[in-house]
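S.K.: Start counting at 1 in the sequence shown, then tack on 26, and there's your number in this note's numbering.
We put the CB at the ideal spot given by N, CA and C, even for glycine.
Please read these numbers as outputs of a predicted model, since none were measured by experiment.
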Amino acid sequence: MLTTYVKLLLTLQNIYFDHFPLLYKLPFEFCRTKGNGIHVSKVKRSFDLAVSVFPAFLFAAAVFFFNVAMYLCFPLLRNPMGDVKMWSWGLLAIVCFCGLVFYTLWMLVYKSEAVFMFNEIFRHEEEPRKDPSLCPDMVSTTIEKVFLLGCNILIWNIYLFTPIAALVSTYLRMDPLLPFFNFVLTMIPQLKNLFIFFSFNSETLFYLGMFTFRVGWVTIFIYEGFRVAAFLIGLTILVGKVVISLLSSLSRLTDKFQSAITHRGFKAHLKLYKLIMIIFQSLEGPIKPTAILAIVAGTVAVSGCSFVVVRLHGVNEVYFTGFCAVVAISSVILTKIILDTLGNLSMASVRLLLHFGKIEILLEMGEGHWKKLYLKELRYLKPISIPVGLGTARFSRMTQKVKTEILMYMFEASVNLLIAF
27 MLTTYVKLLL TLQNIYFDHF PLLYKLPFEF CRTKGNGIHV SKVKRSFDLA VSVFPAFLFA
87 AAVFFFNVAM YLCFPLLRNP MGDVKMWSWG LLAIVCFCGL VFYTLWMLVY KSEAVFMFNE
147 IFRHEEEPRK DPSLCPDMVS TTIEKVFLLG CNILIWNIYL FTPIAALVST YLRMDPLLPF
207 FNFVLTMIPQ LKNLFIFFSF NSETLFYLGM FTFRVGWVTI FIYEGFRVAA FLIGLTILVG
267 KVVISLLSSL SRLTDKFQSA ITHRGFKAHL KLYKLIMIIF QSLEGPIKPT AILAIVAGTV
327 AVSGCSFVVV RLHGVNEVYF TGFCAVVAIS SVILTKIILD TLGNLSMASV RLLLHFGKIE
387 ILLEMGEGHW KKLYLKELRY LKPISIPVGL GTARFSRMTQ KVKTEILMYM FEASVNLLIA
447 F
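#1: Suppose you measure from the CA of P106 to the CA of L380; what does that come to, to the nearest Å?
#2: Classify V226: buried if its beta carbon has 16 or more other beta carbons within 10 angstroms, exposed otherwise.
#3: Taking all protein chains shown into account, do 16 or more other C-beta atoms lie within 10 angstroms of the C-beta of F306, making it buried, or fewer, making it exposed?
#4: P47 and W115: beta carbons closer than 9 Å?
#5: Straight-line CA distance for R420 to I263?
#6: What is the rounded straight-line gap between the Cα of M373 and the Cα of R405?
#7: Name the two residues that bound the continuous alpha helix (DSSP H) containing H150.
#8: For V314, which of helix, strand or coil comes out of DSSP?
#9: Here's a check: name, in chain order, each residue in its chain whose Cβ is nearer than 8 Å to the Cβ of S456, leaving out the five neighbours to either side.
#10: Since I432 and L365 are thought to touch, with beta carbons under 8 Å apart, how far apart are those beta carbons, to the nearest angstrom?
#11: Kindly indicate the opening and closing residues of the alpha helix (DSSP H) around E250.
#12: CB-CB under 6 Å to T418, same chain, minus the five flanking residues each way: which ones, in chain order?
#13: Using a Cβ-Cβ cut-off of 7 Å (strictly less than) and excluding sequence neighbours within five positions of C177, which residues of its own chain qualify?
#14: Where does the unbroken alpha helix (DSSP H) through F382 begin, and where does it stop?
#15: CB-CB under 7 Å to A192, same chain, minus the five flanking residues each way: which ones, in chain order?
#16: Please report how far the alpha carbon of K218 lies from the alpha carbon of F207, in whole angstroms.
#17: I'd like to know whether the C-beta atoms of I132 and A119 end up nearer to each other than 9 Å.
#18: Would S375 and S411 qualify as a contact pair, given that the criterion is a beta-carbon distance under 9 Å?
#19: Give every residue of the same chain whose Cβ lies closer than 8 Å to the Cβ of I64, excluding the five residues on either side of it in the sequence, and list them in chain order.
#20: Should H295 be labelled buried (16 or more other beta-carbon atoms within 10 Å of its own) or exposed?
#21: Where does S411 fall in DSSP's three states?
#22: Within 10 angstroms of its Cβ, does T168 collect 16 or more other Cβ (buried), or is it exposed?
#23: Around the Cβ of W113, are there at least 16 other Cβ atoms within 10 angstroms (buried) or fewer (exposed)?
#24: Following a CB-centred definition, is L48 positioned closer than 8 Å to any heavy atom of the ligand SAH?
#25: Can you give me the start and stop residues for the alpha helix (DSSP H) that F80 sits inside?
#26: Apart from the five residues just before and just after F85, which ones in its own chain have a Cβ nearer than 6 Å to its Cβ?
#27: Nearest to V358 by CA position, among M434, G348, K408 and I304, is which residue?
#28: Assign I304 to one of two classes, buried (16 or more other C-beta atoms within 10 Å of its C-beta) or exposed (fewer than that).
#29: Which residue wins for smallest C-alpha separation from F142, given the options T361, F346, L309 and G369?
#30: Just to confirm the assignment, what range does the beta strand (DSSP E) spanning E393 have?
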């Protein structure tokens with residue numbers, strides 16, 4: 027399954043990095059190694075600082091315009107809480123704020139540390155795969171092939187139909203730019219007259235130009251938003267899968283060198299596990315707010331879209347209700363995949379630590395000096411897990427139990443929202 031995720035990330039790399047319509051790249055990019063692996067590298071670009079800050083500017087501007095649009099339109103509506111635009115703008119404002127934090131943390135503040143640590147994980151996972159006894163060849167199953175095909179089709183469709191989606195959403199006045207522009211032009215009529223003058227004194231040409239401008243910015247935002255989201259989500263899942271693969275290789279390494287462990291003090295497996303611990307501990311600063319806001323974004327997407335589908339379907343067009351249903355279902359599936367990956371990572375590390383201290387190894391060591399040193403080092407090794415915590419679902423580490431609590435938290439938020447309104 028690991029190869030499947032690598033292929034998906036390389037598809038994203040090909041479409042949204044190498045052939046991106048805006049002709050610039052994110053601060054990171056994926057690169058294929060000589061083997062069957064992948065690594066992350068920093069991108070050298072002209073005007074690097076300005077280009078790096080541009081996606082953050084887009085997210086910040088989106089949060090601003092969504093909030094301004096809600097502020098301007100709220101007094102004009104007879105039933106604001108039943109208006110689909112208000113709900114959509116509110117949900118997107120929260121999601122864009124989370125995206126702004128994610129991008130700032132991982133691609134601006136902790137960029138160098140993240141690239142180095144991720145590549146260390148990828149490099150150490152790739153080395154055992156060169157030994158067939160430690161990492162046997164895995165043939166892709168039919169489910170994996172279907173999953174890969176479906177994701178590739180989805181990625182290509184989003185890439186190709188984004189301009190059409192931007193055009194339709196702008197035509198339906200779902201973008202937050204229109205209320206802001208109308209407010210500014212009403213407050214400063216001289217500005218409108220100036221724009222009309224430059225439009226050859228044609229109001230039709232002026233409104234056409236404003237519509238084209240809105241379509242352009244909505245298109246840019248959708249492209250950039252999906253690219254950043256796909257990169258961060260894909261990297262999260264890939265890192266989790268790679269660490270699980272590495273832990274499995276360490277388990278087989280322990281069995282292969284059991285004699286050297288018991289008689290000659292072989293401890294390479296402990297050192298490698300300790301390195302993984304250090305990597306996760308060093309990134310705990312950005313990981314914790316990322317995990318918390320990811321739960322917030324997922325909960326908002328699921329509960330908000332569920333509310334629109336259940337409560338507001340009577341005042342919505344069928345296509346918009348269907349779109350919200352697809353977003354809600356996709357958010358649940360994606361959240362489940364991420365939580366399964368991180369939960370399995372925790373369980374794999376627990377099983378590996380038990381494997382390090384299995385009875386066969388300890389009995390063969392006897393009561394000598396090697397056993398005391400081995401147990402001393404083993405005592406300092408802790409299970410690997412992601413620190414999280416939010417609201418009523420207060421927990422400290424990502425485990426299988428915590429995964430269930432998070433899903434229940436999202437379900438409760440959706441039900442409470444439906445009951446409240």
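M.R.: Let me lay it out:
#1: Looking at the two C-alpha atoms, the distance is approximately 56 Å.
#2: The amino acid at residue 226 is misidentified as Val; the sequence shows Phe. Classification of F226: exposed, given that the 10 Å Cβ count is below 16.
#3: buried
#4: no
#5: In this prediction, R420 scores a pLDDT of 49, lower than 50, which makes its location untrustworthy; the coordinate-derived value is nonetheless stated afterwards. Their backbone Cα atoms lie some 23 Å apart in a straight line.
#6: 18 Å
#7: K137 to E152
#8: Before going on, a small fix: residue 314 reads as Lys here, not Val. Three-state result, K314: helix.
#9: In the structure as shown, the chain starts at 27 and stops at 447, and residue 456 therefore has no counterpart that could be examined.
#10: 6 Å
#11: E229 to K282
#12: Reliability of the predicted coordinates at T418 is poor, the pLDDT of 49 falling under 50, and no value is obtained from them.
#13: L34
#14: V344 to F382
#15: V241, V244, T245 and I248
#16: 10 Å
#17: According to the sequence provided, residue 132 is Trp. The question's Ile does not apply to it. No.
#18: yes
#19: V32, L35, L36, F56, C57, R58, F148 and L264
#20: When all chains shown are included, H295 counts as buried.
#21: DSSP, reduced to helix, strand and coil, places S411 outside both helices and strands of the structure shown, so it counts as coil.
#22: exposed
#23: buried
#24: As presented, the structure is devoid of all ligands, the ligand SAH included, so that no description of it is given.
#25: Segment D74 to C99, the alpha helix (DSSP H) holding F80.
#26: Excluding residues within five positions, the ones whose Cβ falls inside 6 Å are C122, G125 and L126.
#27: With distances taken between CA atoms, V358 lies nearest to M434 out of M434, G348, K408 and I304.
#28: exposed
#29: L309
#30: Unbroken run through E393: none, as it is neither H nor E.
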